[in-house]
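Numbering (the UniProt record's numbering), first residue to last: 1 to 96.
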């Protein structure tokens, strides 16, 4: 199934990559791989992950404190947020 990033989710992802790049390029690459892996797992089994709010589901990234929040639309997956786990819960709700 194809997927689309909400513009604000894409911005969050880019900001996190930039943050990790300032630490070390290897850490940034590991973060990118972790998020890409989460998106792959979502695409393979979109209904596998628990709903956290109505129709919004969350897949946790491996090795990083991030969750990929998404909805299953009719013919694609909409990624609503690439959320650091310490952020205020529900900040992304206006993106639906």
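No residue lacks a Cβ here, since even glycine has one placed at the ideal position from N, Cα and C.
Where the beta strand (DSSP E) containing residue i begins and where it ends
i          : result
residue 3  : 3 to 5
residue 49 : Segment: none, residue 49 is in no beta strand (DSSP E) and carries neither H nor E.
Alpha carbon of residue i to alpha carbon of residue j, nearest angstrom
i          : j          : result
residue 4  : residue 20 : 23 Å
residue 51 : residue 30 : 26 Å
residue 39 : residue 81 : 12 Å
residue 63 : residue 34 : 7 Å
residue 85 : residue 92 : 13 Å
residue 58 : residue 70 : 6 Å
residue 46 : residue 27 : 27 Å
According to DSSP, residues forming a beta bridge with residue i
i          : result
residue 68 : 59, 82
Segment limits, alpha helix (DSSP H) that includes residue i
i          : result
residue 34 : 25 to 44
Presumed contact (8 Å Cβ cut-off) between residue i and residue j, rounded CB distance
i          : j         : result
residue 95 : residue 8 : 6 Å
residue 43 : residue 1 : 6 Å
residue 72 : residue 6 : The Cβ separation is near 14 Å, so there is no contact.
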